[in-house]
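Peer 1: Numbering-wise (our numbering), the sequence shown opens with residue 28 and increments by one. Here you go, one structure.
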Amino acid sequence: MIAADERIDTIVGPGDALAFLVTRWRGLKGPSYKIARKSCQDALRGHVGTALSRAHFITACLDADILE
Numbered sequence: 028m029i030a031a032d033e034r035i036d037t038i039v040g041p042g043d044a045l046a047f048l049v050t051r052w053r054g055l056k057g058p059s060y061k062i063a064r065k066s067c068q069d070a071l072r073g074h075v076g077t078a079l080s081r082a083h084f085i086t087a088c089l090d091a092d093i094l095e
């Protein structure tokens, strides 16, 4: 679960993760954010596995201190 703007979001899959990154992200958009965004896009296209995009998304959330 992700806490942003005092709202809790449940992320299920790379589509939800990408939507969160694009529309609700309030953290810094540094290297881990950029990697997560690209990885989610790649997973939706079938170029990388969902486990990899999940790991990148979690890393970005941890870096932004928004993971509950």
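All residues carry an ideal CB built from backbone N, CA and C; glycine is no exception. All figures in this text were calculated on a predicted structure; none of them were measured in a lab.
For a test of the three-state rule: what should DSSP assign to ILE85, helix, strand or coil?
Peer 2: As a position in the sequence shown, residue 85 is number 58, starting the count at 1. The answer is helix: DSSP assigns ILE85 an H, G or I state.
Peer 1: What is the rounded straight-line gap between the Cα of ALA63 and the Cα of PHE84?
Peer 2: Here the question's residue 63 lines up with position 36 in the sequence shown. Here the question's residue 84 lines up with position 57 in the sequence shown. Rounded to whole angstroms, ALA63 to PHE84 spans 5 Å at the Cα level.
Peer 1: So the candidates are LEU55, ASP90 and TYR60; which of them puts its Cα closest to the Cα of LEU45?
Peer 2: Residue 45 sits at position 18 when you count from the first residue of the sequence shown. Taking only the C-alpha atoms, the option nearest LEU45 is TYR60.
Peer 1: Quick check: the Cα distance between LEU79 and ARG34, rounded to an integer number of angstroms?
Peer 2: Here residue 79 is taken as the residue at index 52 of the sequence shown, counted from 1. Here residue 34 is taken as the residue at index 7 of the sequence shown, counted from 1. Each residue's alpha carbon lies about 26 Å from the other.
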